[in-house]
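Protein chains in written order, with the numbering used here: chain S, 42 to 408; chain E, 42 to 408.
The beta carbon of each residue, even a glycine, is placed where N, CA and C say it ideally should be.
Below is one structure, written out as structure tokens, with a few remarks after it.
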């Protein structure tokens, strides 16, 4: 990156303030980052916390910080820069004034068709399974899965996308070079090699509670909609939904057993009419696809017609009967293919009209 | 029952025709049952299937049938009779022209506050558990649980109500003296002793597919709303929902795992906005309570204040901590009380503000 005065000013202001600071955001929109930074540095800024900003910059060599980050493969993007996602401007004065990026994917390209998949850190096995399945399903259709890199639903979503070699974006509440949680360092390594890690925090910074909450607004703003897979009452995951609602982006929720407290928050949102109930990746894409592509099932059906008529589909199809319905698990056993794969294939074959779902299992449809 | 000409005519027409026959229904509304029957008997009826009706009556001594039924404790009710439920007239020409009843409860009284609980015959353990819990919950608040006496969700709902000595009504597609399915003869015995068995079919009649479908309209029409607990795509249980919709009665659905085909039909209805998602008996009653009693939670909370502060509540309460959330199963173990009971008690205590639900379990609320 060429450290122009604008880049230096934006990166400095991000050092000086906390993510989502509306005073900094508004000032930058009105006066540009260079003037705002200069006023702070010379003690003439009218902003309420100007002295605090200045003290956080004293002794810092932000230019050297940037050069060091770039040497580690970290890059910086900002409004107007090639990779920047214009959609972020929907946050108004709360929009990030820059983003640190790590990984091969282009921010604007990958987020163009993306869905946030969020949920509880203490997710159940069911929630993690469904998060992975849906993430894999949308990723197979070239939609990116954006999440927060946390335990539970987040990691299940990232892994689901990675499992099908799809695109995934982790938005962190710490520096893009910080492994938090530490147990996810392998995950972050893989995402930095195949996906994209995004943060407003400068490299090296650690997360705080406030940073998690502000991070959620970035997840909501980067994506076309937010899907919550499991969330208890008052779960932090519901915070991301609130941001999506404010941005007027669709909010989707996966139901679960009513006996599971982990689904109670999702059920509440659906009951209130604030989230659309979805049960699979087809329904997610149907809800989020841009206007004019409303006939998702038909459209994708046609596309998959060519993508999918491969050996595995054939094996799945041959493991079915035209008369005796078989459960997906039985089909998986007969075909010798993992159940996760079989479920995805059956959905695809269903779109093509080659198989049919009945109350007791799947049937092959004779041609 | 006093076998008046009207009773004899209605019972005869029910022998002559199949349930829900709109020609018979409309003719009875216009001309009264005695004239309609006389015209059929003398071969002057203008109805399209008049000859068929007549042939089904030939050689029948309906009066003797009625006397025999009454001797077995079976009674007959019809529009205008003391026990008749006026709400059934909402079915118009499809309304039953009479009903056979067996059991101590009064049809009109028991159905005044009633909910239909329906679902798949091949329900999962989860579905049966939730059906029982919700049935017990509504029955504890003196709402009757109406269902069809079938395997799966039906029997779970009836048993849930019976378990708390609540009111339950089985609406059959065969005579009220016929045990179908045979495996449910104990259930039917108990309902005939504590609840109510209802049918349009004369005693001794056996079910047919058409009779099951017509029976569903009676279930929908007897109740204030219909709850579906589990139903696959194209499940017969959804037929009852269609009747409830036509009657403009609320349709409610319990979500479940998206991995369960048994919940797929319910999820579809919720997605289409044709069913309200509910997760417990409080939410069912909130949706179905008559206007002016909208504050279900508060109202019932007050009533329960006196009903419920018993030893079991105390034990459940003492098994909780004010700091460490405990799952209901853990509470059940600590209190030595069955989990089903604990769940019901926790709901009650929650209404009283004595306990609080958190993402990871239940907390006691200090006074």
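Measure from the alpha carbon of residue i to the alpha carbon of each residue in the options, then state which is nearest.
{"i": "residue 389 of chain E", "options": "E:370, E:240, E:178 and E:257", "result": "E:178"}
{"i": "residue 322 of chain S", "options": "S:278, S:183, S:261 and S:403", "result": "S:183"}
{"i": "residue 99 of chain E", "options": "E:105, E:172, E:404 and E:82", "result": "E:82"}
{"i": "residue 237 of chain E", "options": "E:224, E:114 and E:170", "result": "E:114"}
{"i": "residue 105 of chain E", "options": "E:45, E:162 and E:71", "result": "E:45"}
{"i": "residue 54 of chain S", "options": "S:360, S:78 and S:304", "result": "S:78"}
{"i": "residue 290 of chain E", "options": "E:329, E:43 and E:379", "result": "E:329"}
{"i": "residue 358 of chain S", "options": "S:364, S:376 and S:148", "result": "S:376"}
{"i": "residue 152 of chain E", "options": "E:171, E:356, E:125 and E:108", "result": "E:125"}
{"i": "residue 307 of chain S", "options": "S:324, S:279, S:327 and S:287", "result": "S:279"}
{"i": "residue 411 of chain E", "options": "E:405, E:391 and E:87", "result": "This structure leaves residue 411 of chain E out entirely; chain E is present only between 42 and 408."}
{"i": "residue 140 of chain E", "options": "E:80, E:211 and E:158", "result": "E:211"}
{"i": "residue 80 of chain E", "options": "E:61, E:62, E:63 and E:57", "result": "E:57"}
{"i": "residue 318 of chain E", "options": "E:303, E:269 and E:361", "result": "E:269"}
{"i": "residue 305 of chain S", "options": "S:180, S:160, S:261 and S:92", "result": "S:160"}
Are the Cβ atoms of residue i and residue j separated by less than 9 Å?
{"i": "residue 251 of chain E", "j": "residue 266 of chain E", "result": "no"}
{"i": "residue 256 of chain E", "j": "residue 213 of chain E", "result": "yes"}
{"i": "residue 138 of chain S", "j": "residue 232 of chain S", "result": "no"}
{"i": "residue 403 of chain S", "j": "residue 380 of chain S", "result": "no"}
{"i": "residue 295 of chain S", "j": "residue 311 of chain E", "result": "no"}
{"i": "residue 219 of chain E", "j": "residue 245 of chain E", "result": "yes"}
{"i": "residue 277 of chain S", "j": "residue 165 of chain S", "result": "no"}
{"i": "residue 271 of chain S", "j": "residue 167 of chain S", "result": "yes"}
{"i": "residue 176 of chain E", "j": "residue 264 of chain E", "result": "no"}
{"i": "residue 325 of chain E", "j": "residue 129 of chain E", "result": "no"}
Which term fits residue i, buried or exposed, when burial requires 16 or more other beta carbons within 10 angstroms of its beta carbon?
{"i": "residue 399 of chain E", "result": "exposed"}
{"i": "residue 226 of chain S", "result": "exposed"}
{"i": "residue 186 of chain E", "result": "buried"}
{"i": "residue 206 of chain E", "result": "exposed"}
{"i": "residue 234 of chain E", "result": "exposed"}
{"i": "residue 102 of chain E", "result": "exposed"}
{"i": "residue 293 of chain E", "result": "buried"}
{"i": "residue 335 of chain S", "result": "The predicted model places residue 335 of chain S with a pLDDT of 42, which falls under 50 and marks its position as unreliable; any figure quoted below should be read in that light. So residue 335 of chain S counts as exposed."}
{"i": "residue 355 of chain E", "result": "exposed"}
{"i": "residue 372 of chain S", "result": "buried"}
{"i": "residue 363 of chain E", "result": "exposed"}
{"i": "residue 314 of chain S", "result": "exposed"}
{"i": "residue 108 of chain S", "result": "exposed"}
{"i": "residue 288 of chain E", "result": "buried"}
{"i": "residue 339 of chain S", "result": "The predicted position of residue 339 of chain S is uncertain, since its pLDDT is 34 and thus under 50; a value taken from the coordinates is nonetheless stated next. Burial call: exposed."}
DSSP three-state label for residue i, please.
{"i": "residue 205 of chain S", "result": "coil"}
{"i": "residue 402 of chain S", "result": "strand"}
{"i": "residue 378 of chain S", "result": "coil"}
{"i": "residue 294 of chain E", "result": "strand"}
{"i": "residue 427 of chain S", "result": "Residue numbering for chain S in the displayed model covers 42 to 408; residue 427 of chain S lies beyond these limits and cannot be assessed."}
{"i": "residue 274 of chain E", "result": "coil"}
{"i": "residue 138 of chain E", "result": "coil"}
{"i": "residue 157 of chain E", "result": "strand"}
{"i": "residue 387 of chain E", "result": "helix"}
{"i": "residue 372 of chain S", "result": "helix"}
{"i": "residue 364 of chain S", "result": "coil"}
{"i": "residue 164 of chain E", "result": "coil"}
{"i": "residue 267 of chain S", "result": "strand"}
{"i": "residue 86 of chain S", "result": "coil"}
{"i": "residue 116 of chain S", "result": "strand"}
{"i": "residue 240 of chain E", "result": "strand"}
{"i": "residue 173 of chain E", "result": "helix"}
{"i": "residue 71 of chain E", "result": "helix"}
{"i": "residue 318 of chain S", "result": "strand"}
{"i": "residue 223 of chain E", "result": "helix"}
{"i": "residue 299 of chain E", "result": "coil"}
{"i": "residue 132 of chain S", "result": "helix"}
{"i": "residue 110 of chain S", "result": "helix"}
{"i": "residue 126 of chain S", "result": "coil"}
- prompt: Residues in the segment 239 to 271 of chain S with C-beta within 7 Å of chain E's C-beta atoms, listed in sequence order?
  reply: When CB distances to chain E are screened at a threshold of 7 Å, not a single residue of the segment 239 to 271 of chain S falls below it.
field: Residues of the segment 318 to 329 of chain S with Cβ closer than 9 Å to any Cβ of chain E, in chain order
entry: The segment 318 to 329 of chain S vs chain E, Cβ under 9 Å: 318, 319, 320, 321 and 324.
- prompt: If you measure beta-carbon to beta-carbon, which residues of the segment 274 to 295 of chain E are closer than 8 Å to chain S?
  reply: Answer in chain order: 274, 275, 276 and 295.
Interface positions of the segment 113 to 132 of chain E facing chain S (Cβ-Cβ less than 8 Å), listed along the chain: Listed in sequence order: no entries.
Residues from the segment 373 to 403 of chain S in contact with chain E, defined by Cβ distance under 8 Å: Of all residues in the segment 373 to 403 of chain S, 398, 399, 400, 401 and 402 have a Cβ within less than 8 Å of some Cβ in chain E.
message: To be precise: take each residue of the segment 173 to 195 of chain S, compare its Cβ to all Cβ atoms of chain E, and keep it if any distance is under 7 Å. Which residues remain?
response: For the segment 173 to 195 of chain S, which is checked against every Cβ of chain E, not one residue is closer than 7 Å.
Contact set between the segment 226 to 240 of chain S and chain E, restricted to residues whose Cβ is under 9 Å from the partner: Contacts with chain E (Cβ-Cβ distance below 9 Å) from the segment 226 to 240 of chain S involve no residue at all.
query: Of the residues that make up the segment 142 to 172 of chain E, which ones have a beta carbon closer than 9 Å to any beta carbon in chain S?
result: Residues 161, 163, 167, 170 and 171.
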